[in-house]
Amino acid sequence: MSSFHFFAPEIVLLVGTLCTFLCAAFGAKRDFTWWVSLWAAIATFSVSVWGLKLEGQPFSEGIYQVDAFSQVFKVGVAGALVLCVALAQRQDSTREQARVDMHFVFHLSAVGMMLLVSATELLTLYLALEMSAYGLYIAAALGRGGRVTAEAAAKYILFGAASSAVSLFGLSLVYGASQSTYIADVAASGGSPLLITGIVLLLAGVLYKLAAFPVHAWAPDTYQGASHEASAFLGTASKVAGVGLILRVLSMAGASTADLQTVLIVVAVLSMTVGNLSAMLQTDFKRLMGFSAVAHAGYLLLGVLCFSELGAAAAIFYVLTYVPIVVAAFLVISALSEDGKNPSIADLAGLYKRSPLLGLVLLASMFGLAGIPPTPGLAGKWFLFSAVIETGRTWLVLVAAINATISLYYYLLVVRSAYLAPPGERGDVSLTPSYRGLAYLCLGLILFMGFYPAPVWALARAAAQVLLGS
1159 MSSFHFFAPE
1169 IVLLVGTLCT
1179 FLCAAFGAKR
1189 DFTWWVSLWA
1199 AIATFSVSVW
1209 GLKLEGQPFS
1219 EGIYQVDAFS
1229 QVFKVGVAGA
1239 LVLCVALAQR
1249 QDSTREQARV
1259 DMHFVFHLSA
1269 VGMMLLVSAT
1279 ELLTLYLALE
1289 MSAYGLYIAA
1299 ALGRGGRVTA
1309 EAAAKYILFG
1319 AASSAVSLFG
1329 LSLVYGASQS
1339 TYIADVAASG
1349 GSPLLITGIV
1359 LLLAGVLYKL
1369 AAFPVHAWAP
1379 DTYQGASHEA
1389 SAFLGTASKV
1399 AGVGLILRVL
1409 SMAGASTADL
1419 QTVLIVVAVL
1429 SMTVGNLSAM
1439 LQTDFKRLMG
1449 FSAVAHAGYL
1459 LLGVLCFSEL
1469 GAAAAIFYVL
1479 TYVPIVVAAF
1489 LVISALSEDG
1499 KNPSIADLAG
1509 LYKRSPLLGL
1519 VLLASMFGLA
1529 GIPPTPGLAG
1539 KWFLFSAVIE
1549 TGRTWLVLVA
1559 AINATISLYY
1569 YLLVVRSAYL
1579 APPGERGDVS
1589 LTPSYRGLAY
1599 LCLGLILFMG
1609 FYPAPVWALA
1619 RAAAQVLLGS
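Terminal number for the sequence shown in our numbering: 1628, no gaps in between.
See the structure below:
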């Protein structure tokens, strides 16, 4: 009984998952289910913040670790859940008969993500990864896009199944090389070629979750075909869990990091380049966000590949501040959506006149993604670039800076449409009270973390120190 408090965030989230399941099972009204889901998510976030100081191992040693690292990521997952559930108030892009179900799969997937970031044993980690994935597979298929949604969901599921199979094979190689499934034992077993091969294959499932090259092709199609709130959840909560997962997996490498660094450098450079160049060609706003997610996976990997405390902290800071920035963009998408259709960049024309608040939210979001002050995107890129410079790879920072410059084109193209293009016959955009509240919340979070990044950076440093044993 004394170990139950270690599971406080997971228990509260499980209760919320059960409540949303009962709402779906008994045909509760959509608005009632939304309130239940929102309060459950808020309760989970509150308990996760309370649990930041928790530390211990509720099971036998080496299976499930509760520490600053796991708890910071649980706060990130819970925060993303709150924002995405709030975004799901309208749900005009979700099939009508599935709108209540969406809340259940969000909570179910979040349970898997919370288990994932605490898992320190490979089988436990793999089961948590699959649990988080199943909810996302369902969420991706609940959109109103017809054939487009079906194709998007099929690609997401097939890519997920393939990457899971490769990861499982990698897990078997890791076990064969180390004779253990405990991450601590694997890290102490030495860096044999078989172990490094197993870790590289295990990374396939992680890179898929981050939408990094070469397992990125699902991202633009799934973002385009899934409902707006499902795309936002994929782009935020899944990325938070993915960063936690990749840092855990790479902690198995021990001192043998040179080969893995080479692999991660190639993946990071190709993710940034392919994502940014492809995003420049898009006219559909959601598809642009999909390719943007690929590019940002590359930026995140810059911190990961350093294998240092500063690099890990930079990646954690970047992904935590990334959450409200992306939700803000999808809030604009959802507010402009008509009959569940995706808005194009041209549909943003004159947005600052049609809805000054939405125009400001869009500006903050695009500036955040581009790394322009006063948003946390600037601090995030600064920390990442500093970590890479510390390793002596200034050429890699130059490549990343060139990519960041390229990204300015399409982010500012969106801003140009919203602020300089005439609205034409497009009417004013009205916001519900919940959407107006979410807009102020996202805007406030972006500006607060932009002007005062110290609290989030302190959490990120604490998490990195625990992971690396500093």
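Ideal placement from N, C-alpha and C gives every residue a C-beta, glycine not left out.
Query - Contact check, residue 1360 vs residue 1325, beta carbons under 7 Å - result: Numbered from its first residue, the sequence shown carries residue 1360 at position 202. Numbered from its first residue, the sequence shown carries residue 1325 at position 167. Yes, Cβ-Cβ distance for residue 1360 and residue 1325 is below 7 Å.
**Report entry** Whole alpha helix (DSSP H) elements within the segment 1260-1290, 4-residue minimum
**Finding:** Counting only runs of 4 or more, we get nothing.
Query - At least three beta-carbon pairs within less than 8 Å, the segment 1329-1344 to the segment 1384-1394 - result: With the cut-off at 8 Å, the segment 1329-1344 and the segment 1384-1394 do not touch.
Requested in this report: Only counting runs of 4 or more residues, tell me where the alpha helix (DSSP H) segments fall wholly within the segment 1337-1387, in order along the chain.
Outcome: Within the segment 1337-1387, complete alpha helix (DSSP H) segments of at least 4 residues are found at 1341-1345, 1351-1368 and 1376-1383, given in chain order.
Query raised in the report: Where DSSP assigns a beta bridge to residue 1214, which residues make up the other side?
Result: Residue numbering aside, residue 1214 sits at position 56 when the sequence shown is read from its first letter. In the DSSP output, where bridge partners are listed per residue, residue 1214 has 1224.
Query raised in the report: Expressed to the nearest angstrom, what Euclidean distance is found between the alpha-carbon atoms of residue 1159 and residue 1272?
Result: As a first step, residue 1159 must be located in the sequence shown, where it is residue number 1. As a first step, residue 1272 must be located in the sequence shown, where it is residue number 114. With a pLDDT of 44 at residue 1159, under the threshold of 50, the predicted position of this residue should be treated as unreliable, and no value is reported.
Report task. Per DSSP, which residues does residue 1330 bridge with? Please list them. Result -> Indexing the sequence shown from 1 puts residue 1330 at position 172. Answer by DSSP bridge pairing: none, since residue 1330 is not bridged.
Report task. Inspect the CB distances between the segment 1476-1487 and the segment 1561-1571 and report whether three or more fall short of 8 Å. Result -> Contact between the segment 1476-1487 and the segment 1561-1571 is absent: fewer than three C-beta pairs spanning the two stretches fall below 8 Å.
Query - Proximity below 7 Å, CB of residue 1499 to CB of residue 1581 - result: Translated into positions along the sequence shown, residue 1499 becomes position 341. Translated into positions along the sequence shown, residue 1581 becomes position 423. Contact flag unset, no.
Requested in this report: With residue 1417 as the anchor, note down where its alpha helix (DSSP H) starts and where it stops.
Outcome: For the purposes of this step, residue 1417 is taken as the residue at position 259 of the sequence shown. 1416-1437 is the extent of the alpha helix (DSSP H) around residue 1417.
**Report entry** Element boundaries [alpha helix (DSSP H), containing residue 1708]
**Finding:** The structure shown does not extend to residue 1708, since the chain is modelled only from 1159 through 1628, so no value can be given for it.
Query raised in the report: From this set, 1583, 1425 and 1395, which residue's C-alpha is nearest residue 1505's C-alpha?
Result: For this step, residue 1505 is matched to residue 347 along the sequence shown. Nearest C-alpha to residue 1505: 1583.
Query raised in the report: So what does residue 1505 bridge to, in DSSP terms?
Result: Position 347 of the sequence shown, counted from the first residue, corresponds to residue 1505. In the DSSP output, where bridge partners are listed per residue, residue 1505 has none listed.
Query raised in the report: With respect to the alpha helix (DSSP H) encompassing residue 1247, which residues constitute its N-terminal and C-terminal limits?
Result: In the sequence shown, residue 1247 corresponds to position 89, counting from 1. No alpha helix (DSSP H) holds residue 1247; DSSP gives it neither H nor E.
Requested in this report: Taking the CB atoms as reference points, tell me whether residue 1422 and residue 1459 lie closer together than 7 Å.
Outcome: On the sequence shown, residue 1422 is found 264 positions in, with the first residue counted as 1. On the sequence shown, residue 1459 is found 301 positions in, with the first residue counted as 1. Closer than 7 Å, so yes.
Requested in this report: With DSSP collapsed to three states, give me the class of residue 1189.
Outcome: For the purposes of this step, residue 1189 is identified with residue 31 of the sequence shown, where counting begins at 1. When DSSP states are grouped into helix, strand and coil, residue 1189 belongs to the helix group.
Query raised in the report: Apart from the five residues on each side of it in sequence, which residues of its chain come closer than 6 Å, Cβ to Cβ, to residue 1168?
Result: If you number the sequence shown from 1, residue 1168 lands on position 10. Excluding the 5 residues flanking it on each side, residue 1168 has same chain C-beta neighbours closer than 6 Å at 1272, in chain order.
Requested in this report: Over the uninterrupted alpha helix (DSSP H) stretch that includes residue 1449, give me the two end residues.
Outcome: Here residue 1449 is taken as the residue at index 291 of the sequence shown, counted from 1. Unbroken alpha helix (DSSP H) run through residue 1449: 1443-1462.
Query raised in the report: Roughly how many angstroms lie between the CA atoms of residue 1348 and residue 1554, to the nearest whole one?
Result: As a working mapping, residue 1348 is identified with position 190 in the sequence shown. As a working mapping, residue 1554 is identified with position 396 in the sequence shown. Spanning the two alpha carbons is a distance of roughly 28 Å.
Requested in this report: Please report the residue range of the alpha helix (DSSP H) in which residue 1535 lies.
Outcome: In the sequence shown, the residue the question calls residue 1535 occupies position 377. Note, residue 1535: alpha helix (DSSP H), 1534-1548.
Query raised in the report: Between the segment 1607-1627 and the segment 1215-1231, do at least 3 Cβ pairs fall closer than 8 Å?
Result: Three or more beta-carbon pairs separated by less than 8 Å link the segment 1607-1627 to the segment 1215-1231, which places the two stretches in contact.
Query raised in the report: Quick one, are the C-beta atoms of residue 1566 and residue 1528 less than 7 Å apart?
Result: In the sequence shown, the residue the question calls residue 1566 occupies position 408. In the sequence shown, the residue the question calls residue 1528 occupies position 370. Contact flag set, yes.
Requested in this report: Report the rounded CA-to-CA distance for residue 1503 versus residue 1335, giving the unit in angstroms.
Outcome: On the sequence shown, position 345 is the one that residue 1503 refers to. On the sequence shown, position 177 is the one that residue 1335 refers to. Pairing residue 1503 with residue 1335, the inter-Cα distance amounts to about 51 Å.
Query raised in the report: When the distance is taken between beta carbons, is residue 1552 closer than 7 Å to residue 1464?
Result: The residue given as residue 1464 occupies position 306 in the sequence shown. The residue given as residue 1552 occupies position 394 in the sequence shown. Residue 1464 is not a Cβ neighbour of residue 1552, given a cutoff of 7 Å.
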